[in-house]
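Here the sequence shown stands for residues 1 to 332, numbered as in UniProt numbering.
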Amino acid sequence: MTHTTNIVVCALYKFVSLEDFESLREPLLKTLLQHEVRGTLLLAREGINGTVAGSRAGIDALLAYLKSDPRLAELDYKESYTEQMPFLRSKVKLKREIVTMGVEGIDPRRTVGTYVKPRDWNALISDPEVLLIDTRNDYEFQVGTFEHAVNPNTTSFREFPQYVKEHLDPQKHKKVAMFCTGGIRCEKSTAYLKEQGFDEVYHLQGGILKYLEDVPREETLWKGECFVFDERVTVNHELERGSYQQCNACRMPVTDEEMQSELFEQGVSCPHCHDSVSEADKARFREREKQIQLAKARGEDHLGHDAKATTQARRKQKQELRRQQAEQAQRS
Numbered sequence: 001m002t003h004t005t006n007i008v009v010c011a012l013y014k015f016v017s018l019e020d021f022e023s024l025r026e027p028l029l030k031t032l033l034q035h036e037v038r039g040t041l042l043l044a045r046e047g048i049n050g051t052v053a054g055s056r057a058g059i060d061a062l063l064a065y066l067k068s069d070p071r072l073a074e075l076d077y078k079e080s081y082t083e084q085m086p087f088l089r090s091k092v093k094l095k096r097e098i099v100t101m102g103v104e105g106i107d108p109r110r111t112v113g114t115y116v117k118p119r120d121w122n123a124l125i126s127d128p129e130v131l132l133i134d135t136r137n138d139y140e141f142q143v144g145t146f147e148h149a150v151n152p153n154t155t156s157f158r159e160f161p162q163y164v165k166e167h168l169d170p171q172k173h174k175k176v177a178m179f180c181t182g183g184i185r186c187e188k189s190t191a192y193l194k195e196q197g198f199d200e201v202y203h204l205q206g207g208i209l210k211y212l213e214d215v216p217r218e219e220t221l222w223k224g225e226c227f228v229f230d231e232r233v234t235v236n237h238e239l240e241r242g243s244y245q246q247c248n249a250c251r252m253p254v255t256d257e258e259m260q261s262e263l264f265e266q267g268v269s270c271p272h273c274h275d276s277v278s279e280a281d282k283a284r285f286r287e288r289e290k291q292i293q294l295a296k297a298r299g300e301d302h303l304g305h306d307a308k309a310t311t312q313a314r315r316k317q318k319q320e321l322r323r324q325q326a327e328q329a330q331r332s
């Protein structure tokens with residue numbers, strides 16, 4: 001496939017023992033800056049994870065650097081393409097885990113589910129005996145998912161173990177197949193199910209992104225678009241930027257129809273968050289949006305509009321959802 005866009009987006013991860021992970025940070029950051037690759041990479045004792053973007057030459061240089069470490073020679077990565085740089089900065093962060101489930105002792109290096117290649121995925125999930133679970137969050141599920149997939153209705157991957165405890169039974173659910181965006185969450189979710197006594201546990205190798213790359217549209221069982229954690233918001237079946245925008249207040253994906261709602265105000269609120277955003281926050285968001293538009297007019301990046309804002313918005317959204325759920329429980 002030939003791509004006319006000049007920005008390569010690379011999602012990568014590897015579960016591998018990196019006892020010296022702290023010392024890897026500075027040279028890795030230097031490599032990102034040297035080759036003008038932006039995005040965030042996470043380093044932990046259990047491995048590496050992240051999504052970055054840059055020119056073809058820049059991404060190739062980064063991958064070559066990473067693979068020069070024998071421990072990362074078999075690095076798992078997926079690529080997609082975009083016309084605009086989706087990240088503002090280059091970051092390398094030190095973490096306790098490269099993907100957080102919040103359960104001690106879950107180690108995909110020790111036990112994991114059976115990998116299923118994208119070309120074999122349709123046959124597996126068409127089996128009526130297979131329970132298909134989307135391990136992603138609810139807002140990701142709403143944008144797109146596989147036919148007949150179960151939505152755990154989580155707002156964070158930390159909630160997935162509780163979903164398993166409440167809804168899954170190894171005696172009843174003999175075959176379980178799971179999928180996520182790039183494959184990394186399924187490394188831990190399948191390992192967790194194996195630890196809980198589930199026997200036949202499968203997951204989509206390379207995740208949704210690899211499936212969209214390998215399986216032609218005319219054969220696909222995927223419905224909708226795929227949410228991604230960068231400025232593209234979603235990608236379509238061709239792995240090109242999708243049709244969704246993102247609310248700058250709550251960071252939820254927003255459709256064109258939702259943008260026509262009277263509850264939508266650019267950079268301030270959308271139908272998902274309008275009623276939960278305080279007037280003080282709306283005033284602050286309006287000022288931020290004003291600064292963003294001024295920066296765009298000058299041809300500059302507005303650095304206040306970054307991952308920190310996303311994290312804060314997600315946290316507020318989760319708190320509001322939990323409050324609403326608690327109120328519903330009290331009424332019922």
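In this text, a Cβ means the ideal position worked out from N, Cα and C, and glycines have one as well.
Span of the alpha helix (DSSP H) around residue i
i, result
"L43", "Counting along the chain, L43 falls outside any alpha helix (DSSP H), though it belongs to the beta strand (DSSP E) covering R38 to A44."
"T31", "F21 to Q34"
"I292", "E279 to A297"
"R185", "I184 to E195"
Counterpart residues of residue i in DSSP-defined beta bridges
i, result
"W222", "F146"
"V176", "L131 and V201"
"P253", "Q246"
"A11", "T51 and K78"
Nearest candidate by alpha-carbon position, reference residue i, set the options
i, options, result
"D214", "S23, K78, R109 and C10", "K78"
"R110", "S126, E187 and K296", "E187"
"N248", "H274, V235, H237 and E257", "H274"
"V150", "Q162, D134, H35 and K30", "D134"
"S156", "M101, K296 and D230", "M101"
"I208", "L18, E231, K165 and L239", "L239"
"G267", "C250, S276, Y139 and E257", "C250"
"Y163", "G242, R136, V277 and R284", "R136"
Whole-angstrom distance between residue j and residue i, CA atom to CA atom
i, j, result
"L303", "I292", "Legend: pLDDT at L303 = 49, less than 50; position of this residue unreliable, value from coordinates given subsequently. Their Cα atoms are separated by approximately 9 angstroms."
"N6", "S80", "11 angstroms"
"V130", "A57", "42 angstroms"
"G183", "P108", "12 angstroms"
"F15", "E279", "44 angstroms"
"L62", "L28", "9 angstroms"
"V8", "G54", "6 angstroms"
"E225", "Y244", "9 angstroms"
"K117", "H203", "9 angstroms"
"P271", "P70", "49 angstroms"
"E36", "A64", "15 angstroms"
"E262", "E26", "47 angstroms"
Extent of the continuous beta strand (DSSP E) to which residue i belongs
i, result
"V52", "G47 to G54"
"D69", "Neither: D69 is in no beta strand (DSSP E) and is coded neither H nor E."
"L132", "V130 to D134"
"S90", "S90 to L94"
"V112", "Premise fails: V112 is in no beta strand (DSSP E) and is neither H nor E."
"S80", "D76 to T82"
Cβ-heavy atom distance, residue i to the ligand MG, below 7 angstroms
i, result
"K296", "For the ligand MG, the structure offers nothing, since it holds no ligand at all."
Point to revise | Three-pair Cβ contact test at 8 angstroms for the region 190-209 versus the region 36-45 | key: With the rule of 3 Cβ pairs closer than 8 angstroms, the region 190-209 does not count as touching the region 36-45.
Point to revise | Stretch-stretch touch, CB-based, cutoff 8 angstroms, three pairs: the region 163-175 with the region 124-131 | key: Yes, the region 163-175 is in contact with the region 124-131.
Check your understanding: Can at least three beta-carbon pairs, one atom from the region 139-146 and one from the region 83-90, be found at a separation below 8 angstroms?
Key -> By the criterion of at least three beta-carbon pairs nearer than 8 angstroms, the region 139-146 is not in contact with the region 83-90.
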